[in-house]
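For our numbering, count along the sequence shown from 1 and bump the result up by 422.
Beta carbons: idealized from backbone N, C-alpha and C, even for Gly.
Read the structure below first, then the notes.
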Amino acid sequence: MATMYDVPADDLIEAVADDLEERLNEPDWAQFVKTGVDRELPPEQEDFWAVRAASLLRKVADRGPVGVERLSTEYGGGKGGSNRYQVAPDKRVDGSRNLIRTILQQLEEEDLVETADGEGRRITPEGRSLLDDTAGTVLEELDRPELERYA
423 MATMYDVPAD DLIEAVADDL EERLNEPDWA QFVKTGVDRE LPPEQEDFWA VRAASLLRKV
483 ADRGPVGVER LSTEYGGGKG GSNRYQVAPD KRVDGSRNLI RTILQQLEEE DLVETADGEG
543 RRITPEGRSL LDDTAGTVLE ELDRPELERY A
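Here you go:
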């Protein structure tokens with residue numbers, strides 16, 4: 423049986439996003455919100471909410487009990503420190519915590535993630551089985567000879 427570690431992350435995230443798109447509701451404000459202070463515009467993808475939710479689900483499963491603060495660091499970037507009159511190096515900034523928190527709350531309502539007291543959030547058995555079942559499906563659909571040994 424294939425696990426989430428046996429398939430490429432981008433293929434797994436895309437497949438899980440297709441499943442989560444029906445289960446999660448994108449808030450009205452999500453189309454106007456940037457994903458961090460280092461971004462200039464909101465995301466342009468049609469299925470951004472489902473893709474970010476799938477990515478968060480995979481990160482929570484991979485990194486164990488993890489909090490919103492650490493996840494916002496993962497999704498952060500570099501904000502330009504220069505302006506018109508002086509040159510400065512880029513500054514490290516975090517991603518949007520509200521966006522991450524809202525998605526994690528929706529994943530909790532679907533029983534894919536649970537809150538670990540004082541440790542952050544961890545994946546539930548239902549969430550793990552969703553990732554592993556999807557990984558098995560993705561592995562069957564992939565036409566990559568180097569991954570044949572996992573099938």
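In whole angstroms, give me the CA-to-CA distance for residue i and residue j.
i, j, result
"residue 473", "residue 561", "19 Å"
"residue 550", "residue 428", "14 Å"
"residue 462", "residue 535", "31 Å"
"residue 491", "residue 519", "7 Å"
"residue 433", "residue 508", "43 Å"
"residue 512", "residue 505", "11 Å"
"residue 559", "residue 484", "19 Å"
Can you check whether the CB of residue j is closer than 7 Å to the CB of residue i?
i, j, result
"residue 498", "residue 515", "yes"
"residue 471", "residue 496", "no"
Helix, strand or coil: which one does DSSP assign to residue i?
i, result
"residue 510", "coil"
"residue 429", "coil"
"residue 501", "strand"
"residue 544", "strand"
"residue 606", "Residue 606 cannot be examined here, being either before or after the span of the chain that is shown, 423 to 573."
"residue 462", "coil"
"residue 557", "helix"
Could you give the C-beta distance for residue i and residue j, rounded to a whole number, given that I count them as a contact under 8 Å?
i, j, result
"residue 469", "residue 443", "6 Å"
"residue 487", "residue 523", "At roughly 16 Å, the Cβ-Cβ gap does not stay under 8 Å, so residue 487 and residue 523 are not in contact."
"residue 457", "residue 526", "Contact flag wrong, Cβ pair sits at about 15 Å."
"residue 438", "residue 552", "7 Å"
"residue 533", "residue 546", "6 Å"
Within a Cβ cutoff of 7 Å, which residues of the same chain sit near residue i, ignoring the five residues on either side of it in sequence?
i, result
"residue 465", "457"
"residue 425", "554, 557"
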